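> Residue numbers (the numbering used here): 195 to 334. Just so it is clear, CB atoms sit at the ideal spot from N, CA and C, and this is done for glycine as well. All of these numbers come straight from a predicted model, not from anything done at the bench. I'd like to ask some things about the structure below.
Set out below in structure tokens:
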């Protein structure tokens, strides 16, 4: 019993230190800090997710992305979240990339029209079987 009582405090310290490191990592990523972004096209970003979601998540998820492509449309979803969608392949596709606008900032979308070739920066946010997603986006 004496051994357990002397090991228990060390175990608790190790667990607490591990939790702190995990939280540091998850909070350290920001779409707009000074760290370099992964530069890619909407077509490449979408294709990576369509071909292997697990591999694409390892590359893009929660990382800063600088995306370029042709705007399909500017719209909002049923929750009121403003987004810009990009064509992935051709202009007749029902798939592509969706960039959700940071803080639903309407000033960003006022500058964007369908068919424009633009760059947006945000954080990789996965894939929903139809669209590759990026969140917290701003116009670059």
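(1) To which residues of the same chain is residue 290 closer than 7 Å at the C-beta, ignoring the five residues directly before and after it?
(2) Between residue 318 and the rest of its own chain, which residues show a CB-CB distance below 7 Å, the 5 nearest in sequence each way excluded?
(3) From 276, 232, 227, pick the residue whose C-alpha is nearest to that of residue 313; which is it?
(4) Residue 296: buried (16+ other C-beta within 10 angstroms of its C-beta) or exposed?
(5) So what's residue 216 in DSSP terms, helix, strand or just coil?
(6) Quick one: grab the DSSP three-state call for residue 266.
(7) Could you check if residue 305 is buried or exposed, using at least 16 other CB atoms within 10 Å of its CB as the buried criterion?
(8) Could you check if residue 248 is buried or exposed, using at least 16 other CB atoms within 10 Å of its CB as the buried criterion?
(9) Have a look at 250, 310, 323, 331 and flag the residue whose alpha-carbon is nearest the alpha-carbon of residue 302.
(10) List the residues that DSSP assigns as beta-bridge partners of residue 326.
(11) How long is the line joining the alpha carbons of residue 288 and residue 229, rounded to whole angstroms?
(12) Under the three-state reduction of DSSP, which class applies to residue 311: helix, strand or coil?
Taking the structure as given:
(1) Taking the first residue of the chain shown as 1, we reach residue 290 at position 96. Cβ within range, chain order: 236, 240, 266, 279, 280, 281, 282, 325.
(2) Walking along the chain shown from the start, residue 318 turns up at place 124. Closer than 7 Å at Cβ, skipping near neighbours: 254, 255, 256, 257, 259, 328.
(3) Along the chain shown, read from residue 1 onward, the residue named residue 313 stands at position 119. When each option's Cα is compared against that of residue 313, the closest is 232.
(4) The residue given as residue 296 occupies position 102 in the chain shown. Buried, because 16 or more other Cβ atoms sit within 10 Å of the Cβ of residue 296.
(5) Numbered from 1 along the chain shown, position 22 holds the residue referred to as residue 216. Note that residue 216 has pLDDT 29, beneath the 50 cutoff, so the model's placement of it is unreliable and no number is given.
(6) Numbered from 1 along the chain shown, position 72 holds the residue referred to as residue 266. Three-state result, residue 266: strand.
(7) Translated into the one-based positions of the chain shown, residue 305 becomes position 111. It counts as exposed.
(8) Here the question's residue 248 lines up with position 54 in the chain shown. By the neighbour-count rule (16 or more Cβ atoms within 10 Å), residue 248 is not buried but exposed.
(9) Counting from 1 along the chain shown, the entry for residue 302 is found at position 108. Of the listed residues, the one whose Cα sits closest to residue 302 is 331.
(10) In the chain shown, counting from the first residue as 1, residue 326 sits at position 132. 291, 321.
(11) Within the chain shown, the letter at position 94 stands for residue 288. Within the chain shown, the letter at position 35 stands for residue 229. Those two C-alpha atoms are separated by around 33 Å.
(12) Here residue 311 is taken as the residue at index 117 of the chain shown, counted from 1. DSSP places residue 311 in strand when its eight states are reduced to three.
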